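Numbering (the numbering used here), first residue to last: 47 to 210. Notes follow once the structure below has been shown.
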């Protein structure tokens, strides 16, 4: 009984494996031949293949002049009481490019700015416990706004400080 069962299972397995491969292979072969015939028929016809639409490229003209308007009246100014920790002294309006809770970080940015040629300073705000890195300082607001706008290319969060 065991021998006949094993023989039956073996026969069924042989039938399954032998019938699966030929149907897939013949289906792929038929699809390939059909595509090949369509390609030959299309080449035999003198009609051109489907045309693609022509796309006109966009031509950009460079701007000849850029006007930047410093809106001095609407410029936001923060008023804080600060003490100069590292530097010559502050005028009324200053451009702040960094704020740090650790003095070492503030001194590092200050040294980087000094190396780049700026008269950078570090001021401490005792109320907030923050060291402000000041890149430049001015007596007039329009000069400070203009300087802040120039610093924003490298320091996007630059802001104006009015010393109390």
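C-beta atoms are modelled at their ideal positions from N, C-alpha and C, and glycine is treated no differently. For clarity, every value in this text was computed on a predicted model and none was experimentally measured.
Whole-angstrom C-beta distance between residue j and residue i, which should lie under 8 angstroms
i, j, result
"residue 170", "residue 177", "6 angstroms"
"residue 124", "residue 207", "6 angstroms"
Beta-carbon proximity list for residue i, same chain, < 8 angstroms, skipping 5 on both sides
i, result
"residue 155", "143, 144, 146, 166, 179"
"residue 160", "166"
"residue 201", "143, 144, 181"
"residue 87", "none"
Residue i vs residue j beta-carbon contact at 8 angstroms
i, j, result
"residue 185", "residue 141", "no"
"residue 168", "residue 191", "no"
"residue 209", "residue 118", "no"
"residue 263", "residue 127", "There is simply no residue 263 to check, as the chain begins at 47 and stops at 210 in what is shown."
Residues of its chain near residue i, where Cβ-Cβ distance is below 6 angstroms and the 5 sequence neighbours each way are ignored
i, result
"residue 182", "141, 193"
"residue 133", "167"
"residue 129", "170"
Other residues of its chain near residue i: CB distance less than 7 angstroms, five sequence neighbours each side excluded
i, result
"residue 49", "none"
"residue 175", "147"
"residue 153", "132, 168"
"residue 198", "204"
* To do: Just list the beta strand (DSSP E) runs in the segment 113-188, keeping only unbroken ones of 3 residues or longer that don't cross its boundaries, in chain order.
  => 123-126, 129-132, 139-146, 167-171, 176-184
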